[in-house]
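Visitor:
In the numbering used here, the protein residues as written are 169 to 454.
(1) Going by CA-CA distance only, name the one from 380, 319, 343 that's closest to residue 360.
(2) Distance check for residue 408 and residue 177, CA to CA, integer angstroms please.
(3) Using a Cβ-Cβ cutoff of less than 8 Å, which residues in the same chain neighbour residue 331 once the five nearest sequence positions on both sides are dropped?
(4) Helix, strand or coil: which one does DSSP assign to residue 251?
(5) List, from N- to C-terminal side, the beta strand (DSSP E) runs of 3 residues or more that fit wholly inside the segment 352-440.
(6) Contact between the segment 409-423 and the segment 277-293: three or more CB pairs below 8 Å?
(7) Which same chain residues, not among the five before or five after residue 309, have their C-beta less than 6 Å away from its C-beta?
(8) At which residue ranges does the segment 197-230 contain complete alpha helix (DSSP H) runs of 4 or more residues, listed in the order of the chain?
(9) Are the beta-carbon atoms belonging to residue 379 and residue 347 less than 8 Å from one another?
(10) Take the Cβ of residue 377 as the centre, count every other Cβ of all protein chains shown within 10 Å, and call the residue buried at 16 or more, exposed below.
(11) Judging by CA-CA distance, which residue of 247, 371, 235 is the nearest neighbour of residue 259?
(12) Let me know if residue 314 comes out buried or exposed under the rule of 16 or more other beta-carbons within 10 Å of its beta-carbon.
(13) Just to confirm before moving on: does the CB-CB distance between residue 413 and residue 335 stay below 8 Å?
(14) Whose CA, out of 369, 402, 247, lies closest to the CA of residue 345?
(15) Beta carbon of residue 391, beta carbon of residue 405: below 8 Å?
(16) Look at the alpha carbon of residue 210 and the alpha carbon of residue 398, and state the distance between them as a whole number of angstroms.
(17) Determine the closest residue to residue 184 out of 276, 415, 426, 247, with distance taken between C-alpha atoms.
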């Protein structure tokens with residue numbers, strides 16, 4: 169069974185987070201031989217003020233609708249941050265009645281496509297599965313994994329070029345998997361998402377390890393470091409903005425503070441990509 173197809177997503181999350189908390193972090197003595205990593209089930213139950221039997225039912229999927237009071241107590245014991253707590257609440261909500269699934273529209277609005285070409289910095293649009301749907305020339309020049317048709321998640325974990333390009337590959341991979349966990353909480357039975365997660369679980373040990381942790385993070389602004397073969401080291405801001413229209417589309421923009429070396433390197437990269445485009449256009453003329 170693929171991770172995204174876990175019928176007991178709430179129990180899997182609780183178990184994974186329980187195993188990450190050490191006894192001394194919650195004031196318990198770490199004495200004797202412990203056969204499980206992290207906290208025992210009965211220790212979580214005691215600290216949260218619930219019965220061990222009830223907590224066992226939660227982990228085993230026999231009770232999937234804990235009260236908000238129980239959720240808050242578990243979040244405190246498991247040291248969950250705001251994003252992880254929101255994820256726990258999402259998993260604990262009663263599942264709505266299913267409706268016949270409809271194909272998701274992934275057409276990038278024409279205005280957004282036009283907007284991409286007005287940017288002098290790298291910009292592209294991706295869907296909830298991290299497939300790149302549209303990009304400007306400087307984005308493709310910055311990374312081959314920003315080109316339309318590329319799945320950024322797959323490239324990041326399976327293409328050696330990605331690890332060479334991303335100076336913060338370890339941190340970046342952890343972040344993108346945590347964001348995928350957050351996205352999956354609202355649609356745990358999405359077959360396309362399950363297929364992608366299953367594929368990466370088979371192909372990448374790093375992905376398997378990160379997915380099993382159940383870390384959760386909402387997408388937000390961040391800084392990323394790239395070692396570009398033409399313009400050298402780049403430390404860029406990355407913004408992700410929701411695109412009005414089709415569900416799950418994000419406009420991703422990389423930029424730098426004006427006048428700084430990264431901004432000058434981006435300007436050089438834009439000039440190089442424009443030159444390459446003009447040369448390509450001239451070669452195509454009869």
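Just so it is clear, CB atoms sit at the ideal spot from N, CA and C, and this is done for glycine as well. Bear in mind the structure is a predicted one, so any value in this text is a computation, not a measurement.
Guide: To lay it out plainly:
(1) 319
(2) 27 Å
(3) Contacts found: 337.
(4) helix
(5) 390-396, 400-410, 418-423
(6) yes
(7) 437, 441
(8) 209-216, 220-227
(9) Residue 379 places its beta carbon 8 Å or farther from that of residue 347.
(10) exposed
(11) Ranking the options by Cα distance to residue 259, first place goes to 235.
(12) Residue 314 comes out buried.
(13) no
(14) 369
(15) yes
(16) Separation of residue 210 and residue 398 (C-alpha to C-alpha, rounded to the nearest whole angstrom) is 57 Å.
(17) Ranking 276, 415, 426, 247 by Cα distance to residue 184 puts 247 first.
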